[in-house]
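Okay, here's the thing in structure tokens:
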């Protein structure tokens, strides 16, 4: 994995301000209660980023641990936890999803915003699943989402986007290779300084495109059973133009 996020971390929340994390957390909470074979208290937020979902699930009564490979993202997450008076309640660990270690098992693992796409192919995906399986108690759930082939081809492709907010601009160029099914993201972030000038910082990320069928096979190969598969947070089924699929998988 070669993702950086050092430049994006400072503006990540502002550029994702339209995301309804509370609705998403309600969905996760409902899926855990509907499908888990065990009482879920300890929950891992894998690739937790700036901790918005970690805090949202903490408010719903879960004992949260957040793991992310970006020190910059975790600094923001810890700041949020401290501001909420939850600094002593939430453990944040700077680790990679392909090599993370926990102090014990958990009853649920969540990973949001296509974090699991940030692996280089099936071998890495299977490695990640093995680790999740290792730290997840039998009957517990792994809840995650993936970007669909439709999104990689039609939304990412070779398109370029510009995201703007007050005092910040993010220029984003995609490069998707249908043969390797790798999509590279070249981003430049411009942030306004106190003197009115702008500072530029560049980031590089990439994702691997997987089909839903491939995801199901890999889950089965690593000891999981898919118990729910949705195309939106309302629980609807995926369609041909669905951009994100939400998986609920049980450790068997």
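Residue numbers (the working numbering): 2 to 253.
Glycine included, every Cβ here is placed at the ideal spot set by N, Cα and C.
- The three-state secondary structure of residue 32, taken from DSSP, is helix.
- The region 78-96 makes contact with the region 47-55; the number of CB pairs closer than 8 angstroms reaches 3 or more.
- A distance of 7 angstroms or more separates the beta carbons of residue 118 and residue 160.
- Collapsing the DSSP output to three states places residue 129 in a helix.
- Taking a C-beta distance under 7 angstroms as the contact criterion, residue 153 and residue 184 qualify as a contact pair.
- The DSSP-derived three-state label of residue 83 is helix.
- Looking at the DSSP output, residue 149 shares a beta bridge with no other residue.
- Given a length threshold of 3 residues, each whole run of the beta strand (DSSP E) inside the region 63-125 is given here in chain order: 64-69, 92-95 and 107-112.
- Secondary structure of residue 172 (DSSP, three-state): strand.
- Looking at the DSSP output, residue 231 sits in a beta bridge with 247.
- Per DSSP, residue 199 lies in no alpha helix (DSSP H) segment; the continuous beta strand (DSSP E) that holds it begins and ends at 199-209.
- Judged by their CB atoms, residue 157 and residue 135 are not nearer to each other than the 7 angstroms cut-off.
- Short of 6 angstroms from the beta carbon of residue 114, and not among the five residues preceding or following it, lies no beta carbon of its own chain.
- Closest option to residue 128, judged by alpha-carbon separation, among 98, 202 and 10: 98.
- When C-alpha distances from residue 138 are compared across 40, 191 and 25, the shortest belongs to 40.
- Beta bridge pairing from DSSP links residue 190 with 171 and 202.
- Distance from the CA atom of residue 213 to the CA atom of residue 19, rounded to whole angstroms, is 26 angstroms.
- Beta-bridge partners assigned by DSSP to residue 177: 184.
- The beta-carbon separation of residue 144 and residue 251, rounded to 10 angstroms, does not stay under the 8 angstroms limit for a contact.
- Just measuring C-alpha positions, the residue of 190, 249 and 215 sitting nearest residue 122 is 215.
- Cα atoms of residue 60 and residue 71: separation of roughly 24 angstroms, rounded to the nearest angstrom.
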